[in-house]
Amino acid sequence: MTTQTDNLTTIASRTVTPLGLEVLDVQLQNPGRRPTVLIRIDRLDEKPVSVEDLEAASRAIGAEFDALDPIKEEYRLELESPGAKRPLTRTRHFERMLGLQARVRGDGHAFTAPIKAVTGDQVTFDVAGQDVTLTIGQFQSNLAEFPPEHR
Numbered sequence: 100m101t102t103q104t105d106n107l108t109t110i111a112s113r114t115v116t117p118l119g120l121e122v123l124d125v126q127l128q129n130p131g132r133r134p135t136v137l138i139r140i141d142r143l144d145e146k147p148v149s150v151e152d153l154e155a156a157s158r159a160i161g162a163e164f165d166a167l168d169p170i171k172e173e174y175r176l177e178l179e180s181p182g183a184k185r186p187l188t189r190t191r192h193f194e195r196m197l198g199l200q201a202r203v204r205g206d207g208h209a210f211t212a213p214i215k216a217v218t219g220d221q222v223t224f225d226v227a228g229q230d231v232t233l234t235i236g237q238f239q240s241n242l243a244e245f246p247p248e249h250r
């Protein structure tokens, strides 16, 4: 079953990919009242997201949402770079952040630990000296430690 957030993610993703961007996360906040659609984007070339990137993505997504009308009531659209709470959803995200702390929830786990290794779709975390290996897509994770420089 496709949720409204899944639909918004699909629309936003296909809209920003030609701009060299990717959608990391879509959140529908305050449903039922005046909702806010919060979209976190990143650059496919892994350079830092610029204000210009956010402006271009906002214009493109706003126009596509206006044309398709996926949210019937009035809403606010917000775009942001990943920042300190960067969602980690793909193999390359974990590879870029090797050695840094990640917050992990799901697949029977809840911990914050450094990313120790990435092999294919398997990510190994060092949880209090024990290796815990999980499969990408079966858990949620975000960066818990902001790197001192862009990775």
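For the sequence shown, the working numbering begins at 100 and goes up steadily by one. The C-beta atom is built at its ideal place from N, Cα and C for all residues, glycine as well. Here the structure is a predicted model, which means the values were calculated and not measured.
- For Asn106, the enclosing alpha helix (DSSP H) starts and ends at 103-115.
- Contact between Tyr174 and Val136 holds: CB atoms are separated by about 6 Å, below the 8 Å threshold.
- Between Ile170 and Ala111 a beta carbon distance of about 12 Å is seen, past the 8 Å cut, so the two are scored as non-contacting.
- In this structure Val226 does not touch Leu197 by the C-beta definition: roughly 16 Å separates them, more than the 8 Å allowed.
- Taken through DSSP and simplified to helix, strand or coil, Thr223 comes out as strand.
- Taking Leu118 as the centre and dropping the five residues before and after it, the same chain places the C-beta of Asp152, Ala155, Ala156, Ala159 closer than 8 Å to its C-beta, in chain order.
- Closest in C-alpha terms to Ala162, from the list Arg202, Asp105, Asp206, Thr114, comes Thr114.
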